[in-house]
Amino acid sequence: MAVGTVDRVPPRRAGARVSGTFWRHPWARATALLTPPLAWFVLIYLASLCVLLITAFWQINSFTTNIVRIWNLANFQQIFENAAYREIILRTVAMAAGVTIVDGILAFPFAYFMARVASDRSRTALFVAVLLPLWASYLARVYAWLLIFTHDGVLNWFLAKLGLGSANLIYTNVAVFVVFCYIWLPFMVIPVYAALERIPSSYLEASGDLGARGWRTFRSVILPLALPGLAAGSIFTFSLTLGDFITPILIGGAGSNLIGNVIESNVGVANNVPFAAAFAMVPIAIMAIYLFIAKRLGAFEAL
Amino acid sequence: MRTRWQVPVMAIGVMLVAAACGSSGGSSSGGGGGSSSGAQAQPPTATMKPQTSIGQGEGKLNVIAWEGYTQPLWVKPFEQQTGCKVNAKYAGSSDQMVALMKNGGGGQYDLVSASGDASLRLIYGGDVKPVNVNLIPDWKNFFPQLQSPPHNTINGIHYGISLQWGPNTLMYNTKDFPTAPTSWSVIYDSKYSGKITVPDNPIQIADAALYLSKTQTNLGITDPYELTQAQFNAAINLLKQQRPLIKKYWGLASQEISMFKNGDAIIGASWPYQESVLRSAGAPIASTIPSQGATGWADTWMLATKAPDPNCAYLWLKYISTPKAQAQQATWYGETPANTLACPIMNQIDKGSCALYHANAPASYFDTIKFWKTPIATCDNGQNDCVPYSEWQQAWTTEVTG
Chain A
4 MAVGTVDRVP PRRAGARVSG TFWRHPWARA TALLTPPLAW FVLIYLASLC VLLITAFWQI
64 NSFTTNIVRI WNLANFQQIF ENAAYREIIL RTVAMAAGVT IVDGILAFPF AYFMARVASD
124 RSRTALFVAV LLPLWASYLA RVYAWLLIFT HDGVLNWFLA KLGLGSANLI YTNVAVFVVF
184 CYIWLPFMVI PVYAALERIP SSYLEASGDL GARGWRTFRS VILPLALPGL AAGSIFTFSL
244 TLGDFITPIL IGGAGSNLIG NVIESNVGVA NNVPFAAAFA MVPIAIMAIY LFIAKRLGAF
304 EAL
Chain B
853 MRTRWQVPVM AIGVMLVAAA CGSSGGSSSG GGGGSSSGAQ AQPPTATMKP QTSIGQGEGK
913 LNVIAWEGYT QPLWVKPFEQ QTGCKVNAKY AGSSDQMVAL MKNGGGGQYD LVSASGDASL
973 RLIYGGDVKP VNVNLIPDWK NFFPQLQSPP HNTINGIHYG ISLQWGPNTL MYNTKDFPTA
1033 PTSWSVIYDS KYSGKITVPD NPIQIADAAL YLSKTQTNLG ITDPYELTQA QFNAAINLLK
1093 QQRPLIKKYW GLASQEISMF KNGDAIIGAS WPYQESVLRS AGAPIASTIP SQGATGWADT
1153 WMLATKAPDP NCAYLWLKYI STPKAQAQQA TWYGETPANT LACPIMNQID KGSCALYHAN
1213 APASYFDTIK FWKTPIATCD NGQNDCVPYS EWQQAWTTEV TG
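See the structure below:
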């Protein structure tokens, strides 16, 4: 390289100079790229969480429901001492866990078929079939189940045709459970599919060559490799069920209140925002523990 | 197992985030809420002078109303006359009305059609302000009991204009009940298990108390809104026994309508509105006031303290108090108008409806209905041992419906 060539390079444009600066100073590049999303995250997300937390330590005037800014732990005490709230928390966790397990069992064979058996064309068709319901409104899908489960609904009509009497499922926890399993199923299918699709065929052949039969291959090769996908999907199904309050309102009956309903009724009905804030800490804590376990299972490698 | 680690983990998490939030956000002034108030105390907005004339309308009016209170039938003429576009937010319960009025510090809404169990909370919460009744010509034609009732008038200051009133009825499917039930006992009867629905509303405890006041006289309940702890516990126990029989506690009137339409419920506590909608859809539905009497509501249009459209609000108060608008709403909803002059117009719209809805009723009729009011710790007899509303709310959500 001749030294003089530098002088003959045409003056660089401003854009090029900026990109040059960022190239020479990686920290500046990182700062410029990260500032907008970080500012958004800190200001909108963390700040509102902080406000929520602070509110949890306040009280309301029980008659006028105005907020009284006196610091205490009464809200938390009430949550842990009241048997009804404990029952609601346990019911919600059991519901979320049940939905997660059933969705996992339903999604696995479906995802396996999509990933390893189906042809390219039928795979596309199955993808559309899984994702299509997500294009319809959540409410429309829940109301569809109302029409199925209701006393004069499709299910009872069908059972009557078969001479099986009628099932009184509407406004019960069973109905809520079925609707949750249906609504969140796509969120389990996709991560499991992604995990199964990544398993090289050679692993399965190797397993067969070493004398393993179908069940052994499934247990020792496929399932361990699919576990991160199942864990990732379970994060969706578990957290979505944990936070939902609309399905219990529309489909549930007496004794269907979940954590979300307690929060919703304290904000929207009782106007006890401090108590709602305190109660909102419960699912946050449950999710924190759940994510910790999911991380151990490698869920975040499959996202 | 769960509780053993959940508590410490949560406590640590809570402390960490609280620490991270720092002190900047937490500067508290201490006394945000008004101290608890007896009925004689002066509400925070008592000294606000109401306007003395109605100016040009602002072009819009935002109201919180019961479902069905802003029907096009009487809202459209108002919009044409005044140019005030009415935007309504329906509330499913009095508690929700109070919550909506307070959300965001107030200021989104101009008016609220508060029932008696919410009105005092709004007045003492400073959410509504005095209204000048002289700007409402039809106020003089109201039933005397509804001109200055204790649920909207304190120390002679009016915090709203009475609207309509009516009983909480027992609604039933005429196919299952060829003759009208005569007692509220049907909604506590295991014979109708899984076919009963009642409102998801803490004030429902008063309905249980009213029933007990007639069926278990040894409890000594005289006023279903003023319950001692023992009386309150008896009512809650009755409601706990009722819970397994309940198909669903309805939140919105439309939920009860669809339950009766689909056959998921055949008997339940209702407002005349649901019956009116169901009957006009041809459903075999009727309603009755059982022998124990009924609770009832009396609604008041109240003016928000921070109402952004006060002129449109006054124009609405003036309009909705006129005999015609009152009669239209009364016949549509099946309730009783506050304006005594509405009676003949009701009969024009629907022959016999004036007598049907007691729009010409004598004062004695008022006494058979136990009107909603906010339960407070101070009972009428001066004792301070009544169960306040906050405990009604808590018992309702944790012990009854939970």
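Residue numbers (the numbering used here), protein chains in the order written: chain A, 4 to 306; chain B, 853 to 1254. Glycine residues also receive a C-beta, built at the ideal position from the N, C-alpha and C atoms. Being a predicted model, the structure only gives us computed values, none of them experimental.
Distance CB(Ala1244(B))-CB(Ile1057(B)) smaller than 8 Å: Checking the displayed sequence, the identity of residue 1244(B) turns out to be Trp instead of Ala. With a cutoff of 8 Å on beta-carbon distance, Trp1244(B) and Ile1057(B) are scored as near each other.
Proximal residues of chain A, C-beta to C-beta of Asp1116(B) below 8 Å: Thr153, His154, Ile173, Tyr174
Nearest-angstrom Cα separation, counted from Phe1112(B) out to Ile1088(B): 26 Å
Cα-Cα separation, Ala1138(B) to Lys1100(B): 20 Å
From Lys992(B), Asn1025(B), Tyr976(B), residue whose alpha carbon lies closest to that of Ile1006(B): Tyr976(B)
Runs of alpha helix (DSSP H) wholly within the segment 153–199 of chain A (minimum 4 residues, chain order): 157–164
Assumed close pair His1003(B), Ala1150(B) - CB separation to whole angstroms, cut-off 8 Å: 7 Å
Buried versus exposed call for Gly1204(B) [16 or more other C-beta atoms within 10 Å across all chains shown]: exposed
Burial state of Val157(A) (16 or more Cβ within 10 Å): Around the beta carbon of Val157(A), fewer than 16 other beta carbons lie within 10 angstroms, which makes this residue exposed.
contact_flag[the segment 181–201 of chain A, the segment 97–115 of chain A] where n(CB pairs < 8 Å) is 3 or more: yes
Start and end residues, beta strand (DSSP E) containing Phe994(B): Careful: Phe994(B) lies outside any beta strand (DSSP E) and carries neither H nor E.
Per-residue contacts from Tyr48(A) into chain B (C-beta, under 7 Å): Against chain B, the beta carbon of Tyr48(A) has no neighbour under 7 Å; the closest one sits roughly 12 Å away.
One or two residues paired with Leu294(A) in a DSSP bridge: For Leu294(A), which the question treats as bridged, DSSP gives no partner whatsoever.
Proximal chain B residues relative to Ala87(A), where beta-carbon distance stays under 7 Å: Thr1250, Glu1251, Gly1254
Identified DSSP bridge partners for Asn939(B): Asn914(B)
Chain B within 8 Å of Ala90(A), Cβ atoms only: Sequence check: residue 90(A) is Glu here, not Ala. Chain B, which has a Cβ nearer than 8 Å to the Cβ of Glu90(A), makes this yes.
Candidates Lys981(B), Gln1246(B), Gly911(B): closest to Asn274(A) by CA position: Gln1246(B)
Proximal residues of chain A, C-beta to C-beta of Pro1240(B) below 8 Å: Ser65, Phe66
Sheet register partners of Gly1148(B) (DSSP bridge): Pro1019(B), Phe1223(B)
Boundaries (first-last residue) of the alpha helix (DSSP H) holding Val1239(B): Element bounds for Val1239(B): n/a, residue is neither H nor E.
Whole-angstrom C-beta distance between Gln1180(B) and Leu925(B), which should lie under 8 Å: 6 Å
Bounding residues of the alpha helix (DSSP H) (the contiguous stretch that carries Trp1102(B)): From DSSP, Trp1102(B) is part of no alpha helix (DSSP H) but of the beta strand (DSSP E) over 1098–1102.
Length of the line joining the Cα atoms of Leu1167(B) and Asn986(B): 13 Å
Euclidean distance between Cα positions of Tyr961(B) and Ile988(B): Approximately 20 Å between the Cα atoms of the pair.
CB of Ser946(B) within 8 Å of CB of Met1154(B), strictly: No, they are not a contact pair.
CB contact below 8 Å: Ser268(A) versus chain B: yes
As assigned by DSSP and simplified to three states, the class of Leu213(A): Three-state result, Leu213(A): coil.
Tyr141(A) burial status per 10 Å Cβ neighbour count (16 or more: buried): exposed
Met953(B) versus Val964(B): straight-line alpha-carbon distance, rounded: 8 Å
8 Å Cβ cutoff met for Ala943(B) and Ile916(B): yes
Cβ of Val177(A) within 8 Å of any chain B Cβ: no
Under 8 Å between C-beta atoms of Thr1250(B) and Asn85(A): yes
Whole-angstrom C-beta distance between Trp148(A) and Val182(A), which should lie under 8 Å: 5 Å
Coarse secondary structure for Asn75(A), derived from DSSP in three states: coil
Three-state secondary structure assigned by DSSP to Thr983(B): Note on residue identity: the sequence assigns Val, not Thr, to residue 983(B). In this structure, Val983(B) counts as coil in the three-state DSSP scheme.
Within chain B, the residues that Val181(A) reaches when beta carbons sit closer than 9 Å: Ordered by position in chain B, no residue passes the 9 Å Cβ test against Val181(A), which lies about 17 Å from the chain.
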